[in-house]
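Single-structure report; data block below.
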Amino acid sequence: GEFKGLYHILEGHLSPLDGITPAHLKIKELVNRVSEGKIRELIVATNPNIEGDATAFYLSRLLKEYPVKVTRLAKGLAVGSDLEYADVLSLSNSFRNREQL
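Counting from -10, one number per residue, gives the positions in the sequence shown under the working numbering.
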């Protein structure tokens, strides 16, 4: 099925080396929405790179005190890709997020 929830755009990702801190993103607004208690699950959809990982990790730690399930989109091999050209991290994520057939 399709996603039937609401979106919250952070307008970027954390990157301390580039001077992008939580204050530069719409994180305070997200916390305010979560603190209202109406959100049951927050699906973090960030790029599968170091900045995306850091942003997702930061959000998961920040929202621990709220009764919200924090998940992240699965990472792994792209549809139509060839295993021969897959990088180690993508293969590792694919193994970790494998599904039963």
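Idealized CB from N, CA, C, for every residue including glycine.
Worksheet item: DSSP state of L48, grouped into three classes?
Response: helix
Worksheet item: Hey, out of A75, N36 and H13, whose CA is closest to L66's CA?
Response: A75
Worksheet item: Taking the Cβ atom as the reference point for each residue, do I32 and T60 lie within a distance shorter than 8 Å?
Response: yes
Item to complete: Would you mind working out which of L(-1), E25 and N38 sits nearest E54, comparing C-alpha positions?
Response: E25
Worksheet item: Which whole runs of the alpha helix (DSSP H) in the segment -5 to 29 are 4 residues long or more, in chain order?
Response: 16 to 24
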